[in-house]
Amino acid sequence: MLPTSVAASVAFNPLLVFAALQTLFLFGTSVVVAYISLKSYLSGGSRTILLLGSGTLAWGSASMVAGWLLSPPGGPNIAVTISNSGSLFASLFFIASATTTMGASSFRDLKRRKSKLILAYGGAVSFVAVLTMFALLGATPAFFVPGIGSTILRQVVVAAGIFMFGVSSILFMRMYHGSRSGILFWYSMALALTTIGLAAFYFGRTVGDPIAWTGRIAIYLGGIYSLIAIWSAIQGSHGSPAGPQ
Amino acid sequence: MARNKTGIAELDEMLRGGFMDKDAVMIAGSAGTGKTTLGLEYLVNGATQFGEPGIYLTFEQLPDQIYRDAENFGWNLRNLEAEEKLRVVCTSPDLLLEPDGEEQLLGDTIKELRPRRMVIDSLNHLEMYVPHGDIRKESYRILMYLKTRGISPLVIWEAQQGLDSYAVTQAGMSFLVDCMLILKFVEIDSSMKKALVIMKMRGSDHDKRLREYEITAHGLRVRAPFSGYEGIITGSPHRSLTEEVAGAWDTAFTKTKHKQ
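Just so you know, the protein sequences line up as chains F and P, in that order.
The first sequence lines up with residues 3 to 247 when you count with the working numbering.
The second sequence lines up with residues -18 to 241 when you count with the working numbering.
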């Protein structure tokens, strides 16, 4: 691990590039996954899908907002707070999605499904909006102190997020072994890469140091893998097996 | 604005409250789609739920057949006739086509019953009795006769499967009516389903979506729209790419989990 002073001296934070990467690889991909999940939930009514879509949307929104708020007057604390709290919030949806055993709701109950969807997706986005507002107002506890580094709170939040992303990834991978569905494989890998990325953040000393970039690259790869999962769904919808052999 | 409710809640919702009063309505569809059932249900519900007596004019079936078939849906037409709420008129088209035929055939019944609704089953039978090209003129004459007497006519037209809407317009029948409902069979996911769509409704907004419907033990029941399918009207429905992907997504995450 790099000493804090060394990490700070090699930190690389091109703000616009970072914001664009966060928007493209995390928000963009999350919108695609959330949209497919939305269509899937409306037609099938699966709570697994609803939770998955909501988690993806929360993760993507928090990441994008954090990307654009990396350098406000108060320093990186706001971005770190939004990103880390958002990841913990999203991970709750993912683990709920992976563990829920509730079946689909009534086949014809489209109105209720729409209400639940608005509640879940709206709740996910609203949480990020409220979190952002509180963080900008300075009403959230400190996650990152410039010159010192991460607070205990941040370490706990990130560790919890790592645990839940990791468990979700393992559970989806377990499902993959039962079905050999490429969708499950790639989505589980996407979550695994996100877990690795968060782990890098956990061990990183400062924002934008090499370890943080390792984490970011892993998370961006996770975004790409979730798109590969969608691609597998496209292939699967045409009848070809999509699981890697 | 006055509306004639069909009594089928979902269909009335599609019609934004029901057919417009005194509008001529056409139900077009291939054999077995439930045109007669819908026509009868419209009359029975009118008589029993909305206090609107009706006449069922048929060239197709004998009264006993109609009573029997209606009984299967729980509609006792004999009782409704006894209560002066409905009249079943079984006749030959040529009687109706005679000069002043509609008055001779229906005049007395209209005076006695004061009907608000009437179903003519079907215009195809009438067509067999008129020279080629005269069906529009004769249909127009009959419909105007009914409308001027305060009756909302509903006519049934049997069209070829797959060509329903086009066959009706090709025959030049669609302009005669103010509202047109198309019933048709569609093959979806290897099973035969029934689809209903309101092709036109003059002077009113209406649901433009194709809706699934079923003929149940209690009559026709309209279900959810065929969302996510394309090409239903042309007879080769298929799910859109997004729906296909959403389906595969659901299968992967949900069906797998419930199998384990």
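The beta-carbon is built from N, C-alpha and C at its ideal position, and this holds for glycine as well.
Query, Result
"Cβ pair glutamine 30/P, glycine 88/P closer than 8 Å", "no"
"Inter-residue Cα distance where the pair is glutamine 141/P and tyrosine 210/P", "22 Å"
"Rounded C-alpha distance that separates leucine 138/F from arginine 182/F", "45 Å"
"Nearest-angstrom Cβ-Cβ length linking threonine 223/P and serine 48/F, presumed shorter than 8 Å", "Their Cβ separation, rounded to whole angstroms, is 16 Å, which puts threonine 223/P and serine 48/F out of contact at 8 Å."
"Interface residues of chain F facing threonine 223/P [CB-CB closer than 9 Å]", "Tyr37, Ile38, Lys41"
"Test: glycine 209/P CB closer than 8 Å to a CB of chain A", "Looking for chain A here will not work: the only protein chains present are F and P."
"CB contact below 8 Å: glycine 212/P versus chain F", "no"
"Closest residue to leucine 34/P among Gly212/P, His219/P, Ala5/P, Leu61/P (Cα-Cα distance)", "Note that residue 34/P is proline in the sequence shown, not leucine. Comparing Cα positions, the closest option is Leu61/P."
"Identity of the residues DSSP links to histidine 219/P by a beta bridge", "Glu211/P"
"Residue environment, isoleucine 120/F, which counts as buried when at least 16 other CB atoms sit within 10 Å", "exposed"
"Within chain P, the residues that serine 45/F reaches when beta carbons sit closer than 8 Å", "Ser208, Gly209, Glu224, Ala227, Gly228, Asp231"
"Beta-carbon proximity of alanine 192/F to serine 228/F, cut-off 8 Å", "yes"
"Beta-carbon neighbours of alanine -10/P, restricted to chain F and to distances below 9 Å", "Result: empty, since nearest Cβ-Cβ is about 13 Å, beyond 9 Å."
"Within 8 Å, strictly: CB atoms of valine 6/P and valine 158/P", "yes"
"Inter-stretch contact (C-beta, 8 Å, three-pair minimum) for the stretch 9 to 27 of chain P and the stretch 202 to 209 of chain P", "no"
"is_contact[glycine 238/F, chain P] using C-beta, thresh 8 Å", "yes"
"In DSSP terms, what glutamate 195/P is bridged to", "Arg202/P"
"DSSP-derived helix/strand/coil call for arginine 98/P", "strand"
"As assigned by DSSP and simplified to three states, the class of threonine 183/P", "Note that residue 183/P is arginine in the sequence shown, not threonine. Residue state, collapsed to three classes: coil."
"For serine 103/P, three-class secondary structure by DSSP", "coil"
"Outcome for tyrosine 126/P when other beta-carbon atoms lying within 10 angstroms are tallied against a minimum of 16", "buried"
"Within 8 Å, strictly: CB atoms of threonine 196/F and glycine 151/F", "no"
"Alpha carbon of glutamine 46/P to alpha carbon of asparagine 105/P, nearest angstrom", "19 Å"
"Residue range of the alpha helix (DSSP H) that includes leucine 61/P", "58 to 63"
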